[in-house]
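Only one structure is covered here, and it is reproduced in the block below.
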Amino acid sequence: MAIEARLADGSASAIENALIGEHPTIRKLRELIERVAQRDVTVLITGESGTGKEIVAQSIHEASPRRERPFVPVNCAAIPNDLLESEMFGHHRGAFSGAATTRAGLFMSAEGGTIFLDEISELPLPLQAKLLRVLEDGIVRPVGSDRGTKVDVRVVAATNADLGAMLARNTFREDLFYRLQVVPITIPPLRERRSDIPILVEHFLARTRRQRGTDGLPLRVSDEAMVQLWSYDWPGNVRELENLVERMVILCEGRILEASLLPPNIACATSPADEITTTLDEEGLNLNALVRKLEGRLINQALKQTDGNKQAAARLLGLKRTTFAAKLRRCGVITPSDSDKSTET
Amino acid sequence: MDDAEKIGLIMVVDDDPDTVKILSHYLKREGFTPLEAASGPEGLRLLASHRVDVILLDLMMPEMDGFAVMRALKKDPATADIPVIMVTARDDLSARAEGMSLGVADFLAKPVFRKQLGNRIRAQLEIVATGHATAATLNRIEAVPAKR
């Protein structure tokens, strides 16, 4: 059965579901992930926020011989630095004030399985040294204990940071980098594989249909909306597209998802169906809405022409940078740097 | 000149000499090397002797239009994987739909802006490079036997 069919009826493998698309690079990546899952090696997944790094990590675990054992995800950026060491490696009773009992760390709870270290770039240097030792000898040393415990855990790490640049700045250990990067997996951003957008949209629509049990009422995206989805740069990548499709399905009243359901930051500046009227007839008009529409359209166009450079876009429109920024916020336009902060989990 | 030595050989296929001139100028400004073809058949001929990284393909051309060129490219394994960016009118929805079904990697709407052109081409070069790196990793781990 073809992969599309397996995705459609829900019988696709974890890996096929984790990385959807027919771009040659994506197919190659699925093949690599398939192979890597079988081999007990450390993996480093690199990709922008929203590209699905955790889903890929989980699929590696599920396709590996460790699948019956735990998959333990750890977000290194979400745990305060002073707690991270005892969270990861555990602590002995009385190791520090508040350590009333001996506690096994996340490495211990992943015994026999896989630990997923997300945002590995946020690991402080002293902990990087400690992680390196675990990777080298497989021995975990809890805080306050002089004895280590042997663990059998596969490490899959991920980052959206440029670790190479961090090496140069000495904020990431070179030896740990090479130890992690035994198998590097780079997930490309969605804007590099726009030809997969229609395939992903179809997949998300089919899944929504399965979840809602509304079989027989297939939804589709209008050609005009598809062109706009294709043109957008997707700073939040596949996750942003997924959220958008869900949103359109909720808002949609018929069976065709029209371009009018798209938020203004995605709606293309020159949509023919969305003319700005310049005549006033008896019905009157909403001047504020019209001005906002025109503003949003020109702002989008300026950003497009300058490829997201806000300062240059402001110049194009004859606006001060601060005025332009205020207008951007009002129009709800998201730029890559904003969404990076808000969408990474 | 040896094409294999150059990074970013971009072929422009367009029957309008002014467009070719402008696109070539933009490409040079963005640091790429343009390779000009005034028609689909000429472009296909040039591909036999040049290692092209990305093709900028006009849709409306006499004799052989962009879709026909696209089909010819996909039929030949030597050219099937070269990313094609199709240049179309902004509101030509049916052309885009057809292009999508033929495996176009990306679309650019006329008028083409230089920065946007540069970014879209870099995106294609980037994902091709990721594909090569992935293939290299795959070969490397194939050499290691599976174990647990």
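Taken in order, these protein sequences are the chains called A and B. For the first sequence, the positions run 1 to 345 when this note's numbering is used. For the second sequence, the positions run 1001 to 1148 when this note's numbering is used. Ideal Cβ placement from N, Cα and C applies to all residues, glycine included.
The shortest C-alpha to C-alpha distance from Ala-1105/B to any of Glu-1142/B, Leu-1093/B, Lys-1074/B is the one to Lys-1074/B.
Listed by position along chain B, the residues whose Cβ is nearer than 9 Å to that of Ser-13/A form an empty set, because the closest Cβ is around 17 Å away. Using a CB distance cut-off of 7 Å, Glu-1042/B does not count as an interface residue toward chain A. Taken in chain order, the complete alpha helix (DSSP H) segments of 4 residues or longer contained in the stretch 98-178 of chain A are 106-109, 125-137, 163-168. Asn-1139/B has a beta carbon lying at 7 Å or more from every beta carbon in chain A. Relative to Ser-121/A, the option among Ile-55/A, Leu-244/A, Val-43/A, Cys-76/A whose CA is nearest is Cys-76/A.
CA-CA distance, Ile-26/A to Gln-305/A, rounds to 29 Å. Secondary structure of Phe-204/A (DSSP, three-state): helix.
Residues of chain A with a Cβ closer than 9 Å to the Cβ of Ala-1133/B are, in chain order, Pro-184, Thr-186. Between Tyr-232/A and Ile-187/A, the C-beta gap is not smaller than 7 Å, which leaves the two residues out of contact. Shortest Cα-Cα distance from Met-1061/B to any of Arg-1122/B, Gly-1040/B, Asp-1081/B, Ala-1097/B involves Gly-1040/B. Secondary structure note for Lys-320/A: it is in no beta strand (DSSP E), with a DSSP letter that is neither H nor E. Neighbourhood of Lys-28/A in chain B, by CB distance below 8 Å: Gly-1131, Thr-1134, Ala-1135, Leu-1138, in chain order.
Inter-residue distance for Glu-224/A and Glu-258/A is about 7 Å (C-alpha atoms, whole angstroms). DSSP, reduced to helix, strand and coil, places Met-1100/B within a helical segment of the structure shown.
When rounded, the separation of the alpha-carbon atoms in Asp-1014/B and Arg-297/A is 30 Å. At a cut-off of 7 Å, the C-beta of Arg-1096/B has a neighbouring C-beta in chain A. Taking 8 Å as the upper bound on Cβ-Cβ separation, chain B lies near residues His-23, Pro-24, Thr-25, Lys-28, Leu-29, Glu-31, Leu-32, Arg-35, Val-36, Gln-38, Arg-39, Asp-40, Val-41 of the stretch 20-46 of chain A. Here the alpha carbon of Leu-1093/B sits roughly 52 Å from the alpha carbon of Val-153/A. By the beta-carbon neighbour count (other beta carbons within 10 angstroms, threshold 16), Phe-172/A is buried.
Taking the beta carbon of Leu-1093/B as reference, the chain A residues within 7 Å of it are Asp-223, Glu-224, Val-227, listed in sequence order. Non-local C-beta neighbours of Met-226/A in its own chain, meaning closer than 7 Å and more than five positions away in sequence, comprise Pro-198, ordered along the chain.
Selection Asn-81/A, Asp-307/A, Ala-326/A, Arg-329/A evaluated against Arg-1114/B yields Asp-307/A as nearest (Cα-Cα). What Thr-51/A touches in chain B, judged by beta-carbon distance under 8 Å, is nothing: the nearest beta carbon there is about 11 Å away. For Gly-1099/B, the closest alpha carbon among the candidates Ser-195/A, Val-43/A, Pro-126/A is that of Ser-195/A.
From the beta-carbon of Phe-1107/B, the residues of chain A found nearer than 9 Å are Arg-194, Val-227, Trp-230, Ser-231.
In chain order, Leu-205, Arg-255, Ile-256, Leu-257 place their CB closer than 8 Å to the CB of Arg-220/A, counting only its own chain and leaving out the 5 sequence neighbours on each side. Counting other Cβ atoms within 10 Å of its Cβ, Gln-1124/B reaches 16 or more and is therefore classed as buried.
Within the stretch 297-324 of chain A, contact with chain B at the beta-carbon level (separation under 7 Å) is assigned to Lys-304, Gln-305, Thr-306, Asp-307.
In the structure shown, Asn-309/A falls within a coil segment according to DSSP collapsed to helix, strand and coil. Taking 7 Å as the threshold, the shortest C-beta distance from Phe-1113/B to chain A falls below it. Counting the other Cβ atoms within 10 Å of the Cβ of Leu-251/A gives fewer than 16, which makes it exposed. Against chain A, the beta carbon of Ala-1072/B has no neighbour under 7 Å; the closest one sits roughly 18 Å away.
A direct Cα-to-Cα measurement between Asn-1119/B and Gln-301/A gives close to 16 Å. Per DSSP, the beta bridge partners of Ile-185/A are Ile-45/A. Per DSSP, Thr-1033/B is one residue of the beta strand (DSSP E) stretching across 1033-1037.
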